[in-house]
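Asker:
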Amino acid sequence: MATVDEPIETERRPSSGALTYGLILQGPESTVCSEAPAVPAAGDAYQSEAALEEGLLRVLTSQGYDRLRVDSEAGLVANLRARVEELNGIVFTDAEWARFCSGYVTNPALTVIDKTRRIQNDPVIAFERDDGSVKNVYLLDREHIHRNRLQVMNQYEAGDGAHLNRYDVTILVNGLPLAHIELKRRGVRLREAFNQIERYQRESFWSGSGLFEFVQVFVISNGTSTKYYGNTVRWEHTHPKRGRRGVASFEFTSWWTDANNRRIADLEGFARTFLSRGTLLMVLTHYCVLTAEDEPKLLVMRPYQICATERILNRILISEYDRKRLGTTDAGGYIWHTTGSGKTLTSFKCAQLASRMEGVDKVLFVVDRKDLDYQTMKEYNRFQKDAVNGSEDTRALDENLRDDTKRICVTTIQKLSVLISRNQTHPIYDRHVVFIFDECHRSQFGRMHREIIRKFRNYHLFGFTGTPIFAKNANMSGDPTLRTTEQAFGDRLHSYTIVDAIADGNVLPFRVSYLQTMRQSADSDAQGELVEAIDREGAIVSEARIAMNAAYILRHFGQATMRRADGTGFTSILATDGIPAARRYYRALTEQEDEMERAGTLRHRLRIAMIYSYAPNGDDLATGIIADESMDAAGLPASDREALEQAIGDYNRMFGTSYSTDGARFQNYYKDVSQRLKNREIDLLIVVDMFLTGFDSKTLNTLWVDKNLRMHGLIQAFSRTNRILDSVKTFGNVVCFRDLSKQVDEALELFGDRDAAGIVVLKPYREYLGQYLELVDEITRKYVRDGAVSVVGEAAEKGFVGAFGALLKLRNVLGVFDEFPADDPLSDRLLQDLQGVYLDIGDKLKSRAKAEKSDIVDDLVFEIELIRQVEVGVDYILELVAKAHGGNGEDRTAYDRIRRAVASSPQLRDKADLILEFVERMGVSPDGARHEDGGLEERRRRVDDAWHTYLGGQVERELDGLIAEERLKPEQTRRILSIAFDGDGVPETGALIGECMPRMSRFTKGNAYLEQRHRIIHKLQAFYDKYKTLVRSYPLDEENGSK
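Going by our numbering, the sequence shown opens with residue 57, and the numbers climb by one from there.
(1) In whole angstroms, give me the CA-to-CA distance for Asn514 and Cys406.
(2) From the DSSP secondary-structure annotation, give me the bridge partner or partners of Ile227.
(3) Between the Cα of Val930 and those of Asp494, Leu886, Val1087, spot the shortest distance and give me the residue it belongs to.
(4) When the Cβ atoms of the region 598-616 are set against those of the region 769-783, are three or more pairs found closer than 8 Å?
(5) Can you check whether the CB of Ala851 is closer than 8 Å to the CB of Ile835?
(6) Within its chain, find whatever has a CB closer than 7 Å to the CB of Gly1112; leave out the 5 residues flanking it on each side and keep chain order.
(7) Asp494 by DSSP, collapsed to three states: which one?
(8) Look at Leu804 and Tyr828 and say whether their C-beta atoms are less than 8 Å apart.
(9) Keeping to the same chain, check which residues put their C-beta closer than 8 Å to that of Val847; ignore five residues upstream and five downstream.
(10) Taking all protein chains shown into account, decide if Ile146 is buried (16 or more other Cβ within 10 angstroms of its Cβ) or exposed.
(11) Tell me the DSSP bridge mates of Val271?
(12) Is the Cβ-Cβ distance between Met746 and Gln723 less than 8 Å?
(13) Between the Cα of Lys900 and those of Met209, Arg412, Gly849, spot the shortest distance and give me the residue it belongs to.
(14) Could you spell out the range, first to last residue, of the beta strand (DSSP E) harbouring Arg567?
(15) In whole angstroms, what separates the C-alpha of Met978 from that of Arg986?
(16) So what does DSSP say about His488, is it helix, strand or coil?
(17) Could you tell me the alpha carbon to alpha carbon distance between Pro1043 and Ile1035, rounded to whole angstroms?
(18) Between Thr450, Pro164, Val88, Gly325, which lies nearest to His550 when the distance is taken from Cα to Cα?
(19) Following the continuous beta strand (DSSP E) through Asp696, name the residue where it begins and the one where it ends.
(20) Is Ser310 near Tyr285, with beta carbons less than 8 Å apart?
(21) For Ala665, name the three-state secondary structure that DSSP assigns.
(22) Check the C-beta distance from Asp547 over to Gly389 and give it rounded, since I have them as a contact under 8 Å.
(23) Should Asn868 be labelled buried (16 or more other beta-carbon atoms within 10 Å of its own) or exposed?
(24) Alpha carbon to alpha carbon, how far is Tyr1080 from Phe1037?
(25) Kindly indicate which residue of Thr632, Ile464, Ser375 has the alpha-carbon position closest to the one of His516.
(26) Are at least three pairs of beta-carbons, each pair with one atom in the region 202-212 and one in the region 221-229, less than 8 Å apart?
(27) DSSP beta-bridge partners for Cys792?
(28) Using a Cβ distance threshold of 8 Å, determine whether the region 113-133 contacts the region 186-197, with at least three qualifying pairs required.
(29) Among Gly502, Ala387, Asp801, which residue has its Cα nearest to the Cα of Phe491?
(30) Leaving out five residues on either side along the sequence, give the residues of the same chain with a beta carbon under 6 Å from the beta carbon of Ser910.
(31) What does Arg123 pair with, by DSSP beta-bridge criteria?
(32) Using CA atoms only, rank isn't needed, just tell me which of Arg822, Asp889, Pro820 is closest to Asp842.
(33) Can you tell me the Cα-Cα spacing of Ile602 and Ile1019, whole angstroms?
(34) According to DSSP, simplified to helix, strand and coil, what is Arg318?
(35) Looking at Ala968 and Ala959, is the spacing between their C-beta atoms short of 8 Å?
(36) Taking the C-alpha atoms as reference points, what is the distance between Gln648 and Phe526?
Listed below in structure tokens is the structure:
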């Protein structure tokens, strides 16, 4: 559905000679308002949550929502029937409604994803009526959105779940709950509303008829701040992947804005814009994308993405009525959305909606490299399976362009250039074609642009870029008409800069450090002059200097990437100045690790990979554009190819693969490296230019830079690190072995604004340290007595939780600074004690909230993810036991160290009884530690073997009790747990859970089957959660059973 911001007029000159204008096109309003509405100033009086809710309801009803008052499941289902009948102009018989409802709406076999897929992809059901006729029954009319009926209800009570829950405000579309709003009083942290919705998902959204599992969009507000997010953000947050962080969390919630990116945070302003009938219906029907992957996610587009999409559609629509624009820059334009802000999703939605517009024959999405062709195809097919057509070669592209059924094609600029040069005539030249170019500012774009103008007749040219070419950073050589982005594409249709994105929390700021790894000459009077000022290539790539840098990377890798042996933490890229430097870094890093291994000082060997290929053109020094490396390593000089072949050989031995530098095997090596880097299977990737543009990974946080970067290339390379992930990843970490400070300032001023550096780059170390030391002083002064932590009373608990949470956030930032370990006054012992008390308070409040069925101290948020980042694991505990056995039997501190470590660990504290029982069985008690003969390695082996035997017995005893309690089928239950420990947790969909349950009708009165199913899933998940940090696989075996 295209929109136009203003009526479109055409000139008329009547006989009088006066110029007049006639209206030829009037479109509907834009989804995103052009300017944030003025909100009346709030009074000084205290506003309760109930008053906030009533105010919201008044705004919604004034905008045309009908107020619904129901207090039972039966009333909700009856309303659904009436609204579906009203939308479709039919009346169901009771038998028809029972079949329709139980088959397509309340069927207990339907999951959240099934229901989301129904709303997003297939809301029209071909239903056979009692008389045998077939009627298309709409749950939602996506094309004529104002046919849908909107209702609002509040304080609906769900009493059939695990706990009684009362929901704040729910918006129903045609009787289905599709949007839910959770409110907190002003002053309460917004995250608490997010956490409450997460609790509803666990406890009651599934209850009764499961209608609340149809909710697509959640809104959370404390009156002052209001955000929204899709249903799988909440759903995924409660199901984090085993072995890696949950990919969705509170960090993935979004602000609503006007078209100029001005935030609309107040609840009333949000209600008058986002929750206006037209906007909410457009978001639900047009601007959500359910991904087509094994674990689908509902992506709800952000306002800048929607605004950009509609402005592109407007240009196309206008040209249909004013055809002289076609084939000129008046029919096109460019979108400036910063790197990492979701340009691929925006371009997909543009391509998808443009391809459906009347008169448009083909949409061509053009990328500038074969690797981006692969990535874009992968992303597009993630958004919608088989939505686009790629082309392996020019012949396949030719076939796709001739095939009218293939509306969207992804290709490279190289393939399109070849096709045009080989075909003086082609049917596509006369068709109505929409071109969408992604970051095409390469030298070959000028030639491509000229060919399009010369051959195509009815086209639109749109460009997406995170770093436009302006006059200031344009290359003054080549075609003078194509020096800037505006000259190539036309007007800037929308912008969303890196400053906007960081302010909204959609990308992260950078922490940039500069390291001096060469001595200055004696006569140098520049205090900060670093390597970049030395203009001698030999000095820059010298073996000694690179060895020094490699040693720094190895020494500080864990600190920079927050990486731990269990796989948590992040990955990194090392950007080098050229192939010789890349080769030397690879050799230096691997040789130094070999030396450390021989010396017995290597704790964990890094998984290092290297990739490069031939770059015929080199970097563009004027614009800073990073050179294109081909996807063919055959053009490399013999020595460079041999070195790469050796590195790929190391990679093959590391991962059991068989790649090489030959043709398709090298392209597959690239794809495999890309995926393993995203999955944290590679710790450090050494590159020249590859992966510095276009590569998108939330798990990458550090870029090591020994390369001259500026303007476009600098922002592109730095932006590999700043994708949002969770509360631990709070910035992108850039470590420069050259002084790029001037280049950083220039790039940020150009692509942000004059004051961008203060927003985009973290504050100096001393500012964070000063805040940290103040908090340490406050905590030790108020809550530490004679070396012991003492927090007594609710007021003290509240104050301690707030202060310690703030301290954890600062430690998370300070931890990557080299200076911090020497400046940190907190001992490991005191930190563990503080963490233990912090977790004790959290457990106590959760227990009280559960008992009282309410939220206790709802303005407190516990930073558990930050504690998990630095907590100990069971391997650390076993090491302490083994070392204790080497003493003289009188060490009475070993047991206390173990107890303290367990108490301070979120993952181990609920297993304290199990772990401490084992420790005491091994002869480590408060009275001392039993001495055992043998060296440390022998003692480690004995402790590991004993732990494996002990843990296996505990697992089986507990599982036998669970099976007996729920009368489960043993073989099927053990199969489920085998899948759980081998994958991502207990499978909640499919037939597996039903197969392990005792026989019972799915349609038992009151949905007893569904309640039992959820109870069993909950217990199996609790079992898995308890042992997932201790057990690698189930059943345990000698090789890999326990961790």
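The C-beta atom is built at its ideal place from N, Cα and C for all residues, glycine as well.
Answerer: Let me spell this out:
(1) Counted from its first residue, the sequence shown places residue 514 at position 458. Counted from its first residue, the sequence shown places residue 406 at position 350. Roughly 18 Å between the two C-alpha positions.
(2) Within the sequence shown, the letter at position 171 stands for residue 227. In the DSSP output, where bridge partners are listed per residue, Ile227 has Val208, Ala235.
(3) What you label residue 930 is simply residue 874 of the sequence shown in a count that begins at 1. It is Val1087 whose Cα lies nearest to the Cα of Val930.
(4) no
(5) Taking the sequence shown and counting its residues from 1, one reaches residue 835 at position 779. Taking the sequence shown and counting its residues from 1, one reaches residue 851 at position 795. Cβ distance not < 8 Å, so Ile835 and Ala851 don't count as in contact.
(6) Here the chain comprises residues numbered 57 to 1099, so residue 1112 is not present and cannot be evaluated.
(7) Residue mapping note: residue 494 aligns to position 438 of the sequence shown, counting from 1. If DSSP states are grouped into helix, strand and coil, Asp494 belongs with the strands.
(8) Within the sequence shown, the letter at position 748 stands for residue 804. Within the sequence shown, the letter at position 772 stands for residue 828. No, the pair does not count as a contact, with Cβ atoms beyond the cut-off.
(9) Counted from its first residue, the sequence shown places residue 847 at position 791. Taken in chain order, the residues that qualify are Tyr839, Glu853, Phe856, Val893, Ile897.
(10) As a working note, residue 146 is residue 90 in the sequence shown. It is exposed - the Cβ of Ile146 has fewer than 16 other Cβ atoms within 10 Å.
(11) Within the sequence shown, residue 271 is the residue found at index 215, counting from 1. Answer is none; Val271 lacks a bridge partner.
(12) The sequence position of residue 746 within the sequence shown is 690, counting from 1. The sequence position of residue 723 within the sequence shown is 667, counting from 1. Not a contact, by the Cβ cut-off of 8 Å.
(13) For the purposes of this step, residue 900 is taken as residue 844 along the sequence shown, with counting starting at 1. Among Met209, Arg412, Gly849, the Cα nearest to that of Lys900 belongs to Gly849.
(14) By 1-based counting over the sequence shown, the position of residue 567 is 511. Start and end: 566-570.
(15) As a working note, residue 978 is residue 922 in the sequence shown. As a working note, residue 986 is residue 930 in the sequence shown. The alpha-carbon atoms of Met978 and Arg986 are separated by roughly 8 Å.
(16) Locating residue 488 in the sequence shown gives position 432, where the first residue counts as 1. Looking at His488 - three-state DSSP - the assignment turns out to be strand.
(17) Locating residue 1043 in the sequence shown gives position 987, counting from the first residue. Locating residue 1035 in the sequence shown gives position 979, counting from the first residue. Straight-line Cα distance between these residues: approximately 8 Å.
(18) On the sequence shown, residue 550 is found 494 positions in, with the first residue counted as 1. Ranking Thr450, Pro164, Val88, Gly325 by Cα distance to His550 puts Val88 first.
(19) Start at 1 with the first residue of the sequence shown, and residue 696 comes out as number 640. Run containing Asp696: none in the beta strand (DSSP E); it sits in the alpha helix (DSSP H), 694-711.
(20) Taking the first residue of the sequence shown as 1, we reach residue 310 at position 254. Taking the first residue of the sequence shown as 1, we reach residue 285 at position 229. Yes; because the gap between Cβ atoms is below 8 Å, this pair is in contact.
(21) Taking the first residue of the sequence shown as position 1, residue 665 is located at position 609. In the structure shown, Ala665 sits in a strand (DSSP, three-state: E or B).
(22) As a first step, residue 547 is located in the sequence shown; it is residue number 491 there, counting from the start. As a first step, residue 389 is located in the sequence shown; it is residue number 333 there, counting from the start. The pair is a contact, with the Cβ atoms about 5 Å apart (cut-off 8 Å).
(23) By 1-based counting over the sequence shown, the position of residue 868 is 812. By the neighbour-count rule (16 or more Cβ atoms within 10 Å), Asn868 is buried.
(24) Within the sequence shown, residue 1080 is the residue found at index 1024, counting from 1. Within the sequence shown, residue 1037 is the residue found at index 981, counting from 1. Spanning the two alpha carbons is a distance of roughly 7 Å.
(25) Mapped onto the sequence shown, residue 516 falls at position 460. Answer by Cα proximity: Ser375.
(26) yes
(27) Within the sequence shown, numbered from 1, the residue matching residue 792 stands at position 736. BP columns for Cys792 point to Tyr570, Val761.
(28) no
(29) Working through the sequence shown from its first residue, we reach residue 491 at position 435. Cα-wise, what sits closest to Phe491 is Ala387.
(30) For this step, residue 910 is matched to residue 854 along the sequence shown. The pLDDT assigned to Ser910 is 48, lower than 50, so where the model puts this residue is not dependable, and the model offers no usable value.
(31) Numbered from its first residue, the sequence shown carries residue 123 at position 67. Val208.
(32) For this step, residue 842 is matched to residue 786 along the sequence shown. It is Asp889 whose Cα lies nearest to the Cα of Asp842.
(33) Your numbering for residue 602 matches position 546 in the sequence shown. Your numbering for residue 1019 matches position 963 in the sequence shown. Answer to the nearest angstrom: the Cα atoms are 59 Å apart.
(34) Along the sequence shown, read from residue 1 onward, the residue named residue 318 stands at position 262. In this structure, Arg318 counts as coil in the three-state DSSP scheme.
(35) Walking along the sequence shown from the start, residue 959 turns up at place 903. Walking along the sequence shown from the start, residue 968 turns up at place 912. Cβ distance < 8 Å, so Ala959 and Ala968 count as in contact.
(36) Position 592 of the sequence shown, counted from the start, is the residue given in the question as residue 648. Position 470 of the sequence shown, counted from the start, is the residue given in the question as residue 526. About 45 Å.
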